[in-house]
Ligand SMILES: [Zn+2]
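In this note's numbering, the protein residues as written are 32 to 495.
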């Protein structure tokens, strides 16, 4: 299996460091607000990566942090007249609601920065002791000129980076690219005691500290959004490799940008959407499906029309699953004919092609087209005369492959039982020669996407 590595800018064969264990770290949200759909893309994609690795038999140790202390949290807590802790607790809870609805599995550990302060302080101490960091009026900075490979992830040299660095408040820093490891507390800000006075950790240091603590010095995969390559991930490398004398991450994975109607998403342009904005109108599985219809490294454009297209695509998949389940209710329990045996093998081939797409740097777009080929095949060749064994076999493969994508076809507006009841009501109406009522029920079902077929052995239905 091959993964594109941002570090080498190549697709490389993926083999974990320790047998069948994959240690994977994903930068998590800063919990001062609901997550937006750009965040959601990253979490959905890397959850899919994890699911596929698990499908391949790896044990995945998946760590995703919560940044629960930073300037944004402090500002928002002042605005809302609450504490940083209360704000963080609230939005962590909201994160889990969104993640659960989108089928994003819980990480093995979800560490919080504020619960790892002692480890962070020790990490900073180590960097000072080794000569990679310096203290400046209660702040601690990382000296980027000390780390010879600074810029290796973003493929820039330090002079280019220095020239591009924005002028910050503290101009006493030795170099413009130096970044803060520990920030002295200002009046009214939350703080922890440290050897350098009262303060709080910088953002980059929490990921280096917590990934080392929970996964060890060398990660198999480190992943995140495209905006994190520089400076966040570059700085994580500088910190971790300086402190641990070991390669930090063997594979760096980054998703592409998400645009809204071909423009960058931003609050000022009024085209900013939280996950909650979208899932209040769409089944969350449709949003997840939408995110996986493009290759994860490509930019993805988000628009109402494209989401509607995804919705109808998703419906075709979920209708097929429902129809197979329904067919199983009274499927024939008979031996497969030779022709059916040969036909069954076609589905092993679909499965192989799905895996081939996923093995090629998680090409979910191609994997999804294999599912659509299966749908066409099922709709043409599987019906009420198909044997139970064959339907079960196909349904099992279809659901397994779908669950690699994190799709379980959870929500249905009209359940099988409700359909059955309506069909019974229609039968009663017909017996009583109440044709108007019978037609009304048939029309109602049709509106819900259910087609009825009167056959000699009774009424059959199917989702269309
Ligand atoms: Zn991070």
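Quick reminder that beta carbons are idealized off the backbone N, C-alpha and C, glycines included. Keep in mind it's a predicted model, so treat the numbers as computed, not measured.
Open item on the list: How far does the beta strand (DSSP E) with residue 489 in it extend, from its first residue to its last?
Closed with: One-based indexing of the chain shown puts residue 489 at position 458. Where residue 489 is concerned, the enclosing beta strand (DSSP E) stretches over 489 to 494.
Task: Rounded Cβ spacing between residue 125 and residue 74 (contact assumed at less than 8 Å) - done: As a position in the chain shown, residue 125 is number 94, starting the count at 1. As a position in the chain shown, residue 74 is number 43, starting the count at 1. Residue 125 to residue 74, Cβ: 13 Å. No contact.
- [ ] Please list, in chain order, all residues with a C-beta atom less than 5 Å from at least one heavy atom of ligand 1.
- [x] 58, 238
Open item on the list: Counting C-beta neighbours from all protein chains within 10 Å, is the total for residue 437 16 or more, i.e. buried, or is it exposed?
Closed with: Against the chain shown, residue 437 aligns to sequence position 406. Its Cβ being crowded by 16 or more others within 10 Å, residue 437 is buried.
Open item on the list: Let me confirm a value: residue 137 is counted as buried when at least 16 other C-beta atoms fall within 10 Å, else exposed. Which label applies?
Closed with: Translated into positions along the chain shown, residue 137 becomes position 106. With fewer than 16 other Cβ atoms within 10 Å, it is exposed.
TODO: Provide the residue span of the alpha helix (DSSP H) that contains residue 436, from first to last.
DONE: For the purposes of this step, residue 436 is identified with residue 405 of the chain shown, where counting begins at 1. Segment: none, residue 436 is in no alpha helix (DSSP H) and carries neither H nor E.
Open item on the list: To test your reading of the DSSP string, which unbroken beta strand (DSSP E) runs of 3 or more residues are found completely within the segment 202 to 236?
Closed with: 210 to 215, 230 to 232
Open item on the list: Does the structure place the segment 264 to 272 close enough to the segment 234 to 245 that three or more beta carbon pairs sit under 8 Å?
Closed with: yes
Open item on the list: Within a Cβ cutoff of 6 Å, which residues of the same chain sit near residue 261, ignoring the five residues on either side of it in sequence?
Closed with: Reading the chain shown from its first residue, position 230 is the one you call residue 261. Once the five neighbours on either side are set aside, the close Cβ partners of residue 261 are 185.
- [ ] Let me know if residue 417 comes out buried or exposed under the rule of 16 or more other beta-carbons within 10 Å of its beta-carbon.
- [x] Here residue 417 refers to the residue found at position 386 of the chain shown. So residue 417 ends up on the buried side.
TODO: With DSSP as the reference, label residue 119 as helix, strand or coil.
DONE: Stepping through the chain shown from its first residue, residue 119 is reached at position 88. Note: residue 119 maps to helix in three-state DSSP.
Task: Residue of 322, 101, 252 minimising C-alpha distance to residue 94 - done: Taking the first residue of the chain shown as position 1, residue 94 is located at position 63. Comparing Cα positions, the closest option is 252.
Open item on the list: In the DSSP assignment, the beta strand (DSSP E) including residue 91 goes from what residue to what residue?
Closed with: Counting from 1 along the chain shown, the entry for residue 91 is found at position 60. Its beta strand (DSSP E) spans residues 90 to 95.
Task: Residues bridged to residue 255 [DSSP beta-bridge criterion] - done: Within the chain shown, numbered from 1, the residue matching residue 255 stands at position 224. For residue 255, which the question treats as bridged, DSSP gives the partners 285.
- [ ] Assign residue 373 to buried or exposed, taking buried as 16 or more other Cβ atoms, counted over all protein chains shown, within 10 Å of its Cβ.
- [x] In the chain shown, residue 373 corresponds to position 342, counting from 1. The residue is exposed, with fewer than 16 neighbouring Cβ atoms inside 10 Å.
- [ ] Please list, in chain order, all residues of the same chain as residue 213 whose beta carbon is under 7 Å from its beta carbon, the five residues on each side excluded.
- [x] Indexing the chain shown from 1 puts residue 213 at position 182. Cβ within range, chain order: 155, 170, 171, 225, 227, 230, 232, 233.
TODO: Return helix, strand or coil for residue 67, following the three-state DSSP convention.
DONE: Position 36 of the chain shown, counted from the start, is the residue given in the question as residue 67. Reduced to three states, the DSSP call for residue 67 is strand.
Task: Close Cβ partners of residue 322 (< 6 Å) along its chain, the five nearest in sequence each way excluded - done: Here residue 322 refers to the residue found at position 291 of the chain shown. Closer than 6 Å at the Cβ level, and outside the excluded window around residue 322, lie 72, 75.
TODO: With a 10 Å radius around its C-beta and 16 neighbouring C-beta atoms as the bar for buried, classify residue 127 as buried or exposed.
DONE: Locating residue 127 in the chain shown gives position 96, where the first residue counts as 1. Classification for residue 127: exposed.
Task: Touching by the beta-carbon criterion (3+ pairs, under 8 Å), the segment 448 to 464 and the segment 388 to 399 - done: no
TODO: Might you give, ordered along the chain, the residues of its own chain that have their beta carbon closer than 7 Å to the beta carbon of residue 196, omitting 5 neighbours on each side?
DONE: In the chain shown, counting from the first residue as 1, residue 196 sits at position 165. So the list reads 207, 208, once near-sequence residues are dropped.
Open item on the list: Let me confirm a value: residue 176 is counted as buried when at least 16 other C-beta atoms fall within 10 Å, else exposed. Which label applies?
Closed with: The residue you call residue 176 lines up with position 145 of the chain shown. That one is exposed.
Open item on the list: Would you call the segment 415 to 434 in contact with the segment 293 to 311, where contact means no fewer than 3 C-beta pairs closer than 8 Å?
Closed with: no
TODO: Would you kindly check if the distance between the Cβ of residue 291 and the Cβ of residue 256 is under 8 Å?
DONE: Residue numbering aside, residue 256 sits at position 225 when the chain shown is read from its first letter. Residue numbering aside, residue 291 sits at position 260 when the chain shown is read from its first letter. Against a cut-off of 8 Å, the Cβ pair of residue 291 and residue 256 comes out as no contact.
Open item on the list: Report the start-end ranges of each beta strand (DSSP E) in the segment 160 to 186 that is 3 residues or longer and not cut off at the edges.
Closed with: 164 to 167, 170 to 173
- [ ] Could you tell me which residues DSSP puts in a beta bridge with residue 315?
- [x] Your numbering for residue 315 matches position 284 in the chain shown. BP columns for residue 315 are empty, so no partner.
Task: Segment contact flag, the segment 137 to 153 with the segment 272 to 282, C-beta cutoff 8 Å, min 3 pairs - done: no
TODO: Pull up the DSSP beta-bridge partners for residue 294, would you.
DONE: Stepping through the chain shown from its first residue, residue 294 is reached at position 263. 291, per the DSSP bridge assignment.
TODO: Report the rounded CA-to-CA distance for residue 390 versus residue 32, giving the unit in angstroms.
DONE: Along the chain shown, one-based indexing puts residue 390 at 359. Along the chain shown, one-based indexing puts residue 32 at 1. Near 4 Å, if we compare the C-alpha coordinates of residue 32 and residue 390.
Task: Bounding residues of the alpha helix (DSSP H) (the contiguous stretch that carries residue 382) - done: As a position in the chain shown, residue 382 is number 351, starting the count at 1. Start and end: 369 to 390.
Task: Touch test, the segment 96 to 107 against the segment 32 to 47, Cβ-Cβ under 8 Å, three pairs minimum - done: no
Task: CB-CB length for residue 341 against residue 324, believed under 8 Å - done: Residue numbering aside, residue 341 sits at position 310 when the chain shown is read from its first letter. Residue numbering aside, residue 324 sits at position 293 when the chain shown is read from its first letter. Sure, about 6 Å apart at Cβ, within 8 Å.
Open item on the list: Using 8 Å for Cβ pairs, my map puts residue 173 next to residue 205. What's the rounded Cβ distance?
Closed with: Working through the chain shown from its first residue, we reach residue 173 at position 142. Working through the chain shown from its first residue, we reach residue 205 at position 174. Actually they do not touch by this definition, with Cβ atoms about 10 Å apart.
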